[in-house]
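Asker: The following block contains the structure, expressed as structure tokens.
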Amino acid sequence: MKKNTARILFTIIMLCSARISLCQEKYVTGYILTLHGDTVFGEVDYRNWEKNPGKIYFKEKSGKDKSGFGPMDIKGFGVKDEIYESAIVETETSPFNTPELDYNSALTLVKDTAFLQVMVRGTKSLYYYKPGSGKEQFYIKRDSSFELLIHKKYLKDHDDRTVIVENKKYVGQLAIYLNDCPAIQQKANGADYKKSSLEGLFLDYYKCMMTGMSFHKKTAKVAVAFGVLAGVSMTSVKFRSTDSEYFDYLINAGYKPSVNFSAGLFMDVILAGNQGKWSIYNELILSSYKIDGRYDEYVNENKYAITYTTLGYSYVKMNNMLRFKYPVGKFFLFLNAGISNGYAVSETNYMRRESRLFTQVRIEEGKALNETRRYEMGLIAGLGTKFWKFSFEIRYENGNGMSAYTALKSTANRLYCLLGYRF
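Quick note on the working numbering: the sequence shown kicks off at 1 and runs consecutively.
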């Protein structure tokens, strides 16, 4: 039962965080542009969309009932630093993930209605669309119509091997579209079909033309935060075996939890999008414990044995977790789960056995375990809160201990209370 605790906790955390992420409503100041061209200010349910929304919800005033709008109901909307325009566009729907590519070079174009995100707006504009399929599409605007920048990957046999070929018609489209700046042509040839690359191309165009843009949506980038953490850990070590008689001096030693100091460094890689709620949290932390046990084998006062054992380990651990944080007022609540890999930099492995048989007393000393491993792997999950640069977390870890015997399984269960500070 206990060996599955971390797995169960990990599953619960992922389900809860996914549900919170999906169900959260967050109305922030924004506007819609009606079909008559009027701007109506109010609040938009903002989700920091990873894919372009197919429908948005809007309130004219706080507390009023919300109204839903699709691309054909309004001309567009704006919220925070994002602008969307309603459009009827062509989309290319061929497979785009490498394992799914086929040998068909023909374009598969279908009509769609969409809220296109404005990346650059000015005399020459760039738009972005990522539909439910997940395939990124880019558009330029000629007069009042949107033109798809064509790009497709497909397979082709060449020299007895299969290669990936790209239809890069978008390069020629951009060269024509931006032809009033001759210096941009070479840069267009090297542009990738990606947000950052096309955004950079348009910024270079406006530098070339020495004119300003009316709007520019900067592409969200991954952010990295560093910090330190310290706290206490409470470690409980248990043994179980298929040969309990041979290892009973460990299984029945009555080890009490060991409370020790822990400290380390962390690097939190905050992923772009979703308002920075998801991150990959990495730690380098020192964790240690030391336990003492005693096992009595008593027949009578003339025949007995007492076995004392001491086991202690100090680990340098690399913890890698997926973290989800959720704003509550000025605080953030966060959940994280992942894996732990530790290496023991010091080991205490001692046994003393005192036995008596009538008048003969015998004392033996040696290792509690002749075969141990330095590497420990575990599952970790925790929850906590963050305010300004400070954080507090309660975390559970289930590790596989130090026993290298196939017939003797060890577990090291740790409970941490950690304070963190990010620079």
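Positions of the beta carbon are idealized from the N, C-alpha and C atoms, including for glycine.
Does the region 84-103 come within contact of the region 130-141, defined as at least 3 CB pairs closer than 8 angstroms?
Answerer: Output reads yes: the region 130-141 touches the region 84-103.
Asker: How big is the Cα-Cα spacing for Tyr-127 and Phe-332?
Answerer: 33 angstroms
Asker: Which first and last residues belong to the alpha helix (DSSP H) in which Gly-200 is found?
Answerer: Gly-200 -> alpha helix (DSSP H) spans 195-209.
Asker: Considering Cα atoms alone, identify which of Lys-325, Lys-317, Asn-260 is closest to Ser-340.
Answerer: Lys-317
Asker: Go ahead and label Tyr-343 buried or exposed: buried means 16 or more other beta carbons lie within 10 angstroms of its beta carbon, across all protein chains shown.
Answerer: That one is exposed.
Asker: Hey, out of Met-402, Pro-71, Tyr-416, Gln-173, whose CA is closest to Lys-238's CA?
Answerer: Residue Met-402 is the option with its Cα nearest to Lys-238.
Asker: Look at Leu-286 and Ser-314 and say whether their C-beta atoms are less than 8 angstroms apart.
Answerer: Cβ distance < 8 angstroms, so Leu-286 and Ser-314 count as in contact.
Asker: Buried or exposed for Gln-117, going by 16 or more other Cβ atoms inside 10 Å?
Answerer: Buried: at least 16 other Cβ atoms inside 10 Å.
Asker: Under 7 angstroms Cβ to Cβ from Val-259, same chain only, skipping five residues before and after it: list those, please.
Answerer: Val-232, Met-234
Asker: Using 8 angstroms as the cut-off, can you tell me whether the region 39-59 makes contact with the region 273-282, which would need three or more C-beta pairs spanning the two stretches below that distance?
Answerer: Taking 8 angstroms as the limit for Cβ pairs, the verdict is that the region 273-282 does touch the region 39-59.
Asker: In angstroms with no decimal places, state the Cα-to-Cα distance between Pro-257 and Leu-335.
Answerer: 25 angstroms
Asker: Closer than 8 angstroms by C-beta to Met-1: which residues in its own chain qualify, once you throw out the five before and the five after it? Chain order, please.
Answerer: Here the model assigns Met-1 a pLDDT of 43, short of 50, so the residue's position is not dependable, and the following value carries that caveat. Contacts found: none.
Asker: So, helix, strand or coil for Pro-99, using DSSP?
Answerer: helix
Asker: At which residues does the beta strand (DSSP E) containing Ala-412 begin and terminate?
Answerer: 408-422
Asker: Quick test of your reading: Ile-291 and Tyr-255, contact by CB under 8 angstroms. State the CB separation rounded to the nearest angstrom.
Answerer: 4 angstroms
Asker: Enumerate in chain order the residues of its own chain whose CB-to-CB distance from Gly-227 is below 7 angstroms, with the five nearest sequence positions on each side excluded.
Answerer: Excluding positions up to five away in sequence, the list reads Phe-266, Gly-420, Tyr-421, Arg-422, Phe-423.
Asker: Does Ile-74 come out as helix, strand or coil in the three-state DSSP assignment?
Answerer: coil
Asker: Quick one: residues in its chain with C-beta nearer than 6 angstroms to the C-beta of Leu-418, no 5 flanking neighbours on either side, listed in chain order?
Answerer: Leu-229, Gly-231, Glu-393
Asker: At a cut of 8 angstroms, does the region 320-327 reach the region 357-370 through at least three beta carbon pairs?
Answerer: no
Asker: State the CB to CB distance for the pair Gly-382 and Tyr-396, rounded to an integer number of angstroms; the pair is presumed to be in contact (CB under 8 angstroms).
Answerer: With 8 angstroms as the limit, Gly-382 and Tyr-396 qualify as a contact, their Cβ atoms being about 7 angstroms apart.
Asker: CB-CB under 6 angstroms to Ile-306, same chain, minus the five flanking residues each way: which ones, in chain order?
Answerer: Asp-296, Glu-354
Asker: What is the DSSP secondary structure of Asp-268, counted as helix, strand or coil?
Answerer: strand
Asker: Can you grab the Cα-Cα spacing for the pair Leu-148 / Gln-173, in whole Å?
Answerer: 9 angstroms
Asker: So which of Thr-29, Ser-197, His-151 has the shortest CA-CA distance to Glu-426?
Answerer: What the structure shows of the chain is the stretch from 1 to 423, and residue 426 is not part of that stretch, so it cannot be assessed.
Asker: Go ahead and pull the three-state DSSP assignment for Ile-140.
Answerer: Secondary structure at Ile-140: strand, using DSSP grouped into helix, strand and coil.
Asker: I'd like to know whether the C-beta atoms of Leu-178 and Tyr-139 end up nearer to each other than 8 angstroms.
Answerer: no
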